[in-house]
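Some notes on the structure that comes next.
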Amino acid sequence: MVNLTPKQENFCIEYLKSGNASDAYRRSYNAKKMSAKVIANRASELLDNGDITVRLEDLKKPVIEKTQLTLERVILENMNVAFFDIRTILDNDGAVKPVNEWPPEAGAAISSIEVLEQYEGSGKDRVFVGYLKKVKLVEKGAALDRLMKHLGGYEQDNKQKGNALQDFYNKISGGSLPIVHDVEGEVIENEITQPVEVKKPARKPMIGAINGRD
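When you line the sequence shown up against the numbering used here, it's residues 1 to 214, in that order.
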């Protein structure tokens, strides 16, 4: 550890807090009678001091180590979204599995689940026939974009980076996200719509929704 004066040590701490050398100087030295220009020059001289540079690096190390855990978690969440395989939540017949059978990464890749009760007929003749499950996925493109930026994939020119992202997306996803039809034929993007037939006595309509991550 380098030997600094108490004021120099405080300057280092304040500088890391604010990122502003002049403000750090004001909080560490008696600068009431100094002009802004003088303060800026003094602060710049401190930053050019080799001992202070070393001390700043020493102070930043534990912060970097601590925040790296958060960074790794964010990257992992984006990977779970970008590389999520929709087949992991479907059974062999293509039906949506129960939530308790989903893999852990599904929690990051699925933004919401909507369960609708389905009926046939109308009025007194209406009969409950089952549920319609709608599973909405988090948009993969945004997650891939964030990962590409983290990996430096956008350091090429705009045309090259755009093609690289599209090619990469197509490679890992097998093309665009699934587009399916609901029971009435309406196209739903980024969504799985699964009718589930069950036999139960008729009852009043109820709509339930289980929200996942955005």
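Glycine is no exception: its CB is placed at the ideal position from the N, C-alpha and C atoms.
Exercise for the section: Go ahead and label arginine 87 buried or exposed: buried means 16 or more other beta carbons lie within 10 angstroms of its beta carbon, across all protein chains shown. Expected result: Indexing the sequence shown from 1 puts residue 87 at position 87. When all chains shown are included, arginine 87 counts as exposed.
Handout entry: Meets three-Cβ-pair contact criterion under 8 Å: the region 133-145 and the region 76-92
Key = yes
Exercise for the section: State the DSSP-derived secondary structure class of serine 22, mapped to helix, strand or coil. Expected result: Position 22 of the sequence shown, counting from 1, holds the residue named residue 22. Helix at serine 22.
Handout entry: Cβ pair valine 2, valine 74 closer than 9 Å
Key = By 1-based counting over the sequence shown, the position of residue 2 is 2. By 1-based counting over the sequence shown, the position of residue 74 is 74. Not a contact, by the Cβ cut-off of 9 Å.
Practice task
Tell me whether valine 96 is buried or exposed, calling it buried when 16 or more other Cβ atoms sit within 10 Å of its Cβ.
Solution key: As a working note, residue 96 is residue 96 in the sequence shown. With 16 or more other Cβ atoms within 10 Å, it is buried.
Practice task
May I ask which residues mark the beginning and end of the alpha helix (DSSP H) holding glycine 141?
Solution key: As a first step, residue 141 must be located in the sequence shown, where it is residue number 141. Where glycine 141 is concerned, the enclosing alpha helix (DSSP H) stretches over 140-150.
Problem - isoleucine 52 classed as buried or exposed, judged by whether at least 16 other C-beta atoms fall within 10 angstroms - result: Walking along the sequence shown from the start, residue 52 turns up at place 52. Buried.
Practice task
Give the range of the beta strand (DSSP E) segment to which isoleucine 39 is assigned.
Solution key: In the sequence shown, counting from the first residue as 1, residue 39 sits at position 39. Per DSSP, isoleucine 39 belongs to no beta strand (DSSP E); it is in the alpha helix (DSSP H), 36-48.
Problem - Beta-carbon proximity check, leucine 16 vs leucine 56, cutoff 9 Å - result: Within the sequence shown, numbered from 1, the residue matching residue 16 stands at position 16. Within the sequence shown, numbered from 1, the residue matching residue 56 stands at position 56. Going by C-beta atoms, leucine 16 is nearer than 9 Å to leucine 56.
Exercise for the section: To the nearest angstrom, report how far apart leucine 59 and serine 35 are at their CA atoms. Expected result: Numbered from its first residue, the sequence shown carries residue 59 at position 59. Numbered from its first residue, the sequence shown carries residue 35 at position 35. Each residue's Cα considered, the two are about 29 Å apart.
Exercise for the section: Using the Cα positions of valine 99 and aspartate 91, report the straight-line distance between them to the nearest angstrom. Expected result: Taking the sequence shown and counting its residues from 1, one reaches residue 99 at position 99. Taking the sequence shown and counting its residues from 1, one reaches residue 91 at position 91. So the two alpha carbons sit approximately 12 Å from each other.
Exercise for the section: Buried or exposed for glutamate 189, please, with buried defined as at least 16 other CB atoms from any protein chain shown within 10 angstroms of its CB. Expected result: As a first step, residue 189 must be located in the sequence shown, where it is residue number 189. Low per-residue confidence applies at glutamate 189: pLDDT is 45, beneath 50, and the placement is therefore not dependable, though the value from the model is reported in the following sentence. Classification of glutamate 189: exposed, given that the 10 Å Cβ count is below 16.
Exercise for the section: Give the DSSP-derived three-state secondary structure of glycine 130 in the structure shown. Expected result: As a position in the sequence shown, residue 130 is number 130, starting the count at 1. Correct three-state label for glycine 130: strand.
Practice task
Taking all protein chains shown into account, decide if asparagine 20 is buried (16 or more other Cβ within 10 angstroms of its Cβ) or exposed.
Solution key: Reading the sequence shown from its first residue, position 20 is the one you call residue 20. Exposed, because fewer than 16 other Cβ atoms sit within 10 Å of the Cβ of asparagine 20.
Exercise for the section: Under 8 Å Cβ to Cβ from lysine 7, same chain only, skipping five residues before and after it: list those, please. Expected result: Locating residue 7 in the sequence shown gives position 7, where the first residue counts as 1. Cβ within range, chain order: Ser28 and Tyr29.
Practice task
Determine the contact status of arginine 26 and isoleucine 39, defining contact as a CB-CB distance below 9 Å.
Solution key: On the sequence shown, position 26 is the one that residue 26 refers to. On the sequence shown, position 39 is the one that residue 39 refers to. Yes.
Practice task
May I have the straight-line CA-CA distance separating proline 103 from valine 138, to the nearest angstrom?
Solution key: In the sequence shown, the residue the question calls residue 103 occupies position 103. In the sequence shown, the residue the question calls residue 138 occupies position 138. The alpha-carbon atoms of proline 103 and valine 138 are separated by roughly 16 Å.
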